[in-house]
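If you want the working numbering, it's the position in the sequence shown, counting the first as 1, plus 3.
Glycine included, every Cβ here is placed at the ideal spot set by N, Cα and C.
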Amino acid sequence: MDDNRRPIKTRSAGWAKYITDLLVKRDISPNQISVASIAFALAGAVALNLDNGLIGSILCAVGIQLRLLCNLFDGMVAIEGGKKSDIGSLYNEFPDRIADSLLIVALGYAIGYADLGWFAALAAALTAYVRVFGGSIGLKQSFIGPMAKQHRMAVMTVALLLNAVEASVYGTHYVLLIALVIIAAGSAATCVTRTLAISRQLKGNAHVDQ
């Protein structure tokens, strides 16, 4: 098992394996799927900024879920489908960071808090930096939260669905602001928890070597 692979229970689901088989048979590469995740994120980001009400919120939520499906299937096609490539690691990381930033920054602009959106996107990117840094020095990569990628996207999806109601009834977007604050604070906290996890691993290795 790859220690640097995010643990996802859905990989064992029958429907996920079925779709993976279809993608493999159609000769769709993991890298193409990774790039598609950016397109879905961009579509969701644009939709939300064109309409931060009912329609835009629902379209953005759909874009997020399609982006996450791409994140699931690029790895499954690569590993389970046997289509891993030499540059797969690059495509596995960079599109994720772009997709995350597009959605989180767009959330900030959509509700008039662009600065907070940029901060949240930076904090989210740093969570991945800390994780990959741990791997670069020979440690097991840590995917712990409290605001890992799946948590950020879950918070944003739920907030968008609630905003569809709030915006339609009250014309306000407080739930989106709350979600953005949670993503920003949670991502910053995740940087801390992952850094502490790296520190513990290093100290543990040092004791073993002594």
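Helix, strand or coil for Cys-194? Go by DSSP, reduced to three states. The sequence position of residue 194 within the sequence shown is 191, counting from 1. It is helical.
Could you give the C-beta distance for Asn-34 and Gly-91, rounded to a whole number, given that I count them as a contact under 8 Å? Taking the first residue of the sequence shown as position 1, residue 34 is located at position 31. Taking the first residue of the sequence shown as position 1, residue 91 is located at position 88. Yes, Asn-34 and Gly-91 are in contact; Cβ-Cβ is about 7 Å, under 8 Å.
Using alpha carbons as the reference points, say which of Ile-147, Ala-151 and Gly-137 lies closest to Ser-202. Within the sequence shown, the letter at position 199 stands for residue 202. It is Gly-137 whose Cα lies nearest to the Cα of Ser-202.
Identify which residue in Glu-96, Ile-82 and Ala-157 has its Cα closest to the Cα of Ser-15. Here residue 15 corresponds to residue number 12 of the sequence shown, with the count starting at 1. Of Glu-96, Ile-82 and Ala-157, the residue nearest in Cα terms is Ile-82.
Under the three-state reduction of DSSP, which class applies to Pro-149: helix, strand or coil? For the purposes of this step, residue 149 is identified with residue 146 of the sequence shown, where counting begins at 1. Coil, per DSSP.
By DSSP, does Gln-144 sit in helix, in strand, or in coil? Translated into the one-based positions of the sequence shown, residue 144 becomes position 141. Gln-144 falls in the coil class under three-state DSSP.
Whole-angstrom C-beta distance between Ile-41 and Leu-114, which should lie under 8 Å: Counting from one through the sequence shown, the residue named residue 114 turns up at place 111. Counting from one through the sequence shown, the residue named residue 41 turns up at place 38. According to the sequence shown, residue 114 is Ile rather than Leu. Not a contact, Cβ separation roughly 23 Å.
Thinking Met-159 and Leu-106 are a contact (beta carbons under 8 Å), I'd like their distance in whole angstroms, please. The residue labelled residue 159 in the question sits at position 156 within the sequence shown. The residue labelled residue 106 in the question sits at position 103 within the sequence shown. 7 Å between Cβ atoms; contact.
Buried or exposed, going by whether 16 or more other CB atoms sit within 10 Å of the CB of Pro-98? Counted from its first residue, the sequence shown places residue 98 at position 95. Buried: at least 16 other Cβ atoms inside 10 Å.
For Lys-152 and Ala-44, the rounded distance between their alpha carbons: Mapped onto the sequence shown, residue 44 falls at position 41. Mapped onto the sequence shown, residue 152 falls at position 149. Taking the straight line joining both Cα atoms gives about 13 Å.
By DSSP, does Pro-10 sit in helix, in strand, or in coil? In the sequence shown, counting from the first residue as 1, residue 10 sits at position 7. The answer is coil: DSSP assigns Pro-10 none of H, G, I, E or B.
If you drop the 5 nearest sequence neighbours on each side, which residues of the same chain put their C-beta closer than 6 Å to that of Cys-63? Translated into positions along the sequence shown, residue 63 becomes position 60. These residues qualify, in order along the chain: Gly-47, Ala-50, Leu-51 and Leu-163.
With a CB to CB cut of under 8 Å and the five nearest residues on each side skipped, what residues in its chain are close to Val-80? Locating residue 80 in the sequence shown gives position 77, counting from the first residue. These residues qualify, in order along the chain: Thr-23, Leu-26, Val-27, Ile-31, Ser-32, Pro-33, Ile-36 and Lys-86.
Within 10 angstroms of the Cβ of Val-195, are there 16 or more other Cβ atoms? Answer buried if so, exposed if not. The residue given as residue 195 occupies position 192 in the sequence shown. The residue is exposed, with fewer than 16 neighbouring Cβ atoms inside 10 Å.
Nearest by alpha-carbon distance to Asn-55: which of Val-38, Leu-75, Lys-20 and Tyr-112 is it? What you label residue 55 is simply residue 52 of the sequence shown in a count that begins at 1. Measuring from the Cα of Asn-55, the nearest candidate turns out to be Tyr-112.
How would you label Asn-208, buried or exposed, when you count the other beta carbons within 10 angstroms and need 16 or more for buried? Counted from its first residue, the sequence shown places residue 208 at position 205. With fewer than 16 other Cβ atoms within 10 Å, it is exposed.
Spell out a yes or no on whether the stretch 185–192 and the stretch 120–129 are touching, meaning 3 or more CB-CB pairs, one atom from each, closer than 8 Å. yes
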